[in-house]
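One structure is given here, and the rest of the page talks about it.
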Amino acid sequence: MKTSLNSLLLLTVTCLTLTAQAQVPFERILNAADEPQNWLTYNGGYKSQRFSLLDQINADNVSDLELKWVLQNQVFGAWQSNPLVVDGVMYLTERPNSVIAVDAITGRVFWKYRHVNDERALVCCGANNRGVAILGNTVFMGTLDAHLIALDRVNGELLWKQEVGDVARAYSVTMAPLVVKDKVIVGVGGGEFGIRGYVAAYEADTGELAWKTYTIPGPGEPGHDSWEGDDWEHGGAPVWITGSYDPELNQTYWGVGNPGPDWNAGQRPGDNLYSDSVLALDADTGELEWYFQFTPNDAYDYDSVQVPLLADIEWQGEARKVMLWANRNGYFYVLDRTDGEFLLGEPYVRVNWSSGLDENGRPIPTPQPEGMPTFPGNQGGTNWYPPSFSPRTGLFYFSAWEDYATIYRAEESEYVPGRAFLGGGFSVLAPAPGAPTIGIGRTNPINNWTNEVGFGSLKAMDPQTGEAVWEYNQFDVSDSGMLTTASDLLITGGREGYFHVLDARDGELLYYKNLGGQIVMAPVTFMVDGIQYVSIISGNSLFTFALKD
Amino acid sequence: MKYATQKRSNWCQRQLLFVIFLFLAPALLQAQEVSDHQYSSEAIQAGLAIYSRECALCHGPQGDLVSGINLRLGQFRTASSDEDLRQVISNGAAQGQMPAFNFRDEELSGVIAYIRAGFDPDGVAVRIGDPERGKVLFEGKGECALCHRVNGVGPRTAPDLSSIGILRTPTNLQLNLIDPAAALLPINRPVRLVTRNEETIVGRRLNEDTYTIQLIDSQERLRSLIKSELVTYEVSERSSKQPTNLTNDEVADLVGYLLTLRGVE
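In structure tokens, the structure reads:
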């Protein structure tokens, strides 16, 4: 009798909980801007603007921010995960491939799912994962061993698991998936291992493959002649950053990475389509609608894996659907996203690999003599760190690396499946022989490379002119993404471990706090029970702030 | 960010100089054949031929086949200076396991040059002198010990050199003596600060970020300051020390001594 009562009670509680925690149908994601209390996709909405309508925290009270809770990661290494927040529950990933569901008010954990990767899993640059996607009652994560997994968002149970790529040939998934309608879309990493990249969509309820579009055209397809011989079979062109979606055009947009081998462009003659490009793919079929290549025959590892940021703005007197893009190659671009037309391109850091762009946006190459420094360096003028666009200021914000150069060395590389396929190497230009230089991440609390090897510059770019309206320099470089709010705050961080808040209009510093570890992701903001929170990952911990009670 | 803008132009100049240095370096080496700091590139090339013929059979093409010895990386059982190497090659060692070689003087120099160049025929081979004499120079005429600390003795204002032999290459140590400004690691640059209450602080930079700086001042105190509270903050382009007045032989001896400083075992 007692057991039955307990069961009844449990059932009642479960039903109440389910009612309180509604599902996340596609319509909710489509209209994410209508519920700024939540953070429903990697980039906060299909336009990927990382702009929140929340305005409880503003310039006048930001100094009253206080720490509410900390979630400590159990695994060391750069924590690049972007949390989602749905109705008071936060979903995020830990290295290498765990998913945790966290109470967004207290930071206490509801459940944790651990995926054990195939021991052959191979990635160039750390066991990174950048987060989950959500649809209905399901949470999706890509894995280092190139699988896509679906979990019940209420209890973290595995619903299905699907192979996305061949782990033995160094395919991997590090990005947060993109959900569109009833499909989950991911791209593959492996640009340093001679993969042939693609974007693939899976049915959200079954995991069945819906479509797959290669980023390197095969024989008989347009663009195949931009490769010679069998170079296309192992030409790289990975996709490792979450794309964007325009529901009116029904197009998804994807940044494509470097061709392989990375640094020996002479070994793969031709433009090497669609490496270092943006692709517009039909959301239902994956069909290529248009492309724009930023860096043909790239010799510098200038992946175009930046977030395709979409904006509907008055551009030079005309209402346009544009795409704003600060590329790793040092140029800032404005494209018309209906057809990929090149509208504007201006360098935002020192660029010497090219002397400018022609009227179609194609760079005029000026390769440097062997042994001479190339600007920007191998990590680029910027990289995958998510930018932000504020419709209020009309400005595009992103992290740039200034005064950073690389000396490249090209050599012949043989393609061996599952092995590094690099075509040479590089060194970073340093002010003294043997001086420490900037690496891919920061593990040392002492900046012994100093700003002489490169420094961070947060830029507020005017899409009308391609010029920064203001800049905020940092002593070390920054891999931090951006968040803007309706109260004109720009919230970000940097490798030094500072969490800082600026005035999005003029770059005035409003608040900063030393969190101690490198910040290599963008902050997110959400609201629960009428309180606005900001969460940011620094080092191995996620810190959540709100105003003092 | 007035500060960073100002820094940038300075850095651009220095960077240009360094790039020029990179490109002049091969030419300089050619010109320096008369210099006694280094072996000539001809000597290194000649050494390669002799090494391949006489030494590689036992020591191997990479110089690492005899246990406890890695010629290419400068790891020997007993020798440290070039003179030590001459003795071992000419007299033999290890109860005859290493035979004595009857090389002419220039052949001997060639083999040592090839070893000191790290087995790189296009590399640079720094002359390495007698560590005992080098220690005397370090503590006396060379005036190194006035600022540098070794194994718990000496001031802390300049970097502690107790482990410098494993942190720096011979080439780098030599450059540090001949042209300190070119070899100085940027983090070690001397700084001068003036605070709002008019205190002037001179010291060596230990760490820096966007908002703060950490340093050791001339009284060996660890100081941390907030940049926005400073009236003046200057980072010197120059090293605190002048290019050395020591002779070429003395520089070789000093480098030999510094290479023996390998920290707490």
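As they're listed, the protein sequences go chains V and S.
Under this note's numbering, the first residue of the first sequence carries the number 4, and numbering increases by one thereafter.
Under this note's numbering, the first residue of the second sequence carries the number 2, and numbering increases by one thereafter.
Glycine is no exception: its CB is placed at the ideal position from the N, C-alpha and C atoms.
- With a threshold of 8 Å between beta carbons, Phe478 (chain V) makes contact with chain S.
- In the three-state DSSP reduction, Ala183 (chain S) falls in the helix class (H, G or I).
- Residue burial is scored here from C-beta neighbours: Arg78 (chain S) has fewer than 16 other C-beta atoms within 10 angstroms and is therefore classed as exposed.
- Assigned with DSSP and collapsed to three states, Gly143 (chain S) falls in coil, not helix or strand.
- In the DSSP assignment, Asn208 (chain S) falls outside any alpha helix (DSSP H) and within the unbroken beta strand (DSSP E) covering Thr201 to Glu209.
- In the DSSP assignment, Ile152 (chain V) falls within the unbroken beta strand (DSSP E) covering His150 to Asp155.
- Around the CB of Leu58 (chain S), fewer than 16 other CB atoms lie within 10 Å, so the residue is classed as exposed.
- Not flagged as an interface residue toward chain V: Ala126 (chain S), since no C-beta distance is shorter than 8 Å.
- Asn381 (chain V) does not reach chain S, its nearest Cβ partner there being about 17 Å away, counting only Cβ pairs nearer than 7 Å.
- By the CB criterion at 8 Å, Gly263 (chain V) and Gly197 (chain V) fall inside the cutoff.
- One finds Ile188, Leu207 and Asn208 in chain S with Cβ atoms closer than 8 Å to the Cβ of Ile449 (chain V), taken in chain order.
- When CB distances to chain V are screened at a threshold of 8 Å, the residues of the region 168 to 186 of chain S falling below it are Arg169, Thr170, Thr172, Asn173, Leu176, Ala183, Ala184, Leu185 and Leu186, in chain order.
- Counting along the chain, no alpha helix (DSSP H) covers Glu470 (chain V); the unbroken beta strand (DSSP E) around it starts and ends at Glu470 to Gln477.
- The beta carbons of Thr255 (chain V) and Met178 (chain V) sit no closer together than 8 Å.
- Between Gly192 (chain V) and Ser175 (chain V), the CB-CB gap stays under 8 Å.
- Secondary structure of Glu107 (chain S) (DSSP, three-state): helix.
- In this structure, Tyr501 (chain V) keeps its C-beta atom at 8 Å or more from the C-beta atom of Asn476 (chain V).
- Under the rule that a run must span 3 or more residues, the beta strand (DSSP E) segments found entirely inside the region 307 to 385 of chain V read 312 to 318, 321 to 329, 334 to 339, 344 to 350, 357 to 360 and 366 to 368.
- Annotation: Cβ neighbours of Ala435 (chain V) in chain S (cutoff 8 Å, chain order): Phe19, Ala183, Ala184, Leu185, Leu186 and Pro187.
- Pairwise C-beta distances place the region 196 to 210 of chain S out of contact with the region 132 to 143 of chain S, as fewer than three of them are shorter than 8 Å.
- Between the region 477 to 484 of chain V and the region 429 to 436 of chain V, the count of C-beta pairs closer than 8 Å stays below three; the two stretches do not touch.
- Taking the Cα positions, Ser358 (chain V) is about 6 Å away from Thr369 (chain V).
- In terms of beta-carbon proximity, Thr158 (chain S) stays away from the interface with chain V, with every pair separated by 8 Å or more.
- Non-local C-beta neighbours of Gln83 (chain V) in its own chain, meaning closer than 6 Å and more than five positions away in sequence, comprise Asn131, Arg133, Val523 and Met524, ordered along the chain.
- For Leu168 (chain S), the three-state secondary structure derived from DSSP is helix.
- Secondary structure note for Arg31 (chain V): its alpha helix (DSSP H) is the uninterrupted segment Phe29 to Leu33.
- Considering only V:Leu212, V:Arg156 and V:Leu138, the residue with the shortest C-alpha distance to Val167 (chain V) is V:Leu212.
- Counting of Cβ neighbours within 10 angstroms places Phe79 (chain V) among the exposed residues, the total staying below 16.
- If you ignore the 5 residues before and after Asn76 (chain V), its C-beta comes within less than 6 Å of the C-beta of Trp82, Glu97 and Asn543, all in its own chain and listed in chain order.
- For Asn450 (chain V), the closest alpha carbon among the candidates V:Ala203, V:Gln521, V:Tyr411 and V:Ser307 is that of V:Gln521.
- In terms of beta-carbon proximity, Thr453 (chain V) lines the interface with chain S, with at least one pair separated by less than 8 Å.
- Think of a sphere of 8 Å around the beta carbon of Tyr501 (chain V): the chain S residues whose beta carbon falls inside it are Asp210, Thr211 and Tyr212, in chain order.
- If you compare the alpha carbons of V:Leu425, V:Tyr400, V:Ser416 and V:Thr377 with that of Ile410 (chain V), the shortest gap goes to V:Thr377.
- About 5 Å separates the Cβ atoms of Thr385 (chain V) and Ala329 (chain V), confirming a contact at the 8 Å cut-off.
- Interface residue (Cβ-Cβ distance to chain S less than 8 Å): Ala413 (chain V) is not classified as such.
- The C-alpha of Thr172 (chain S) is placed about 55 Å away from the C-alpha of Ser55 (chain V).
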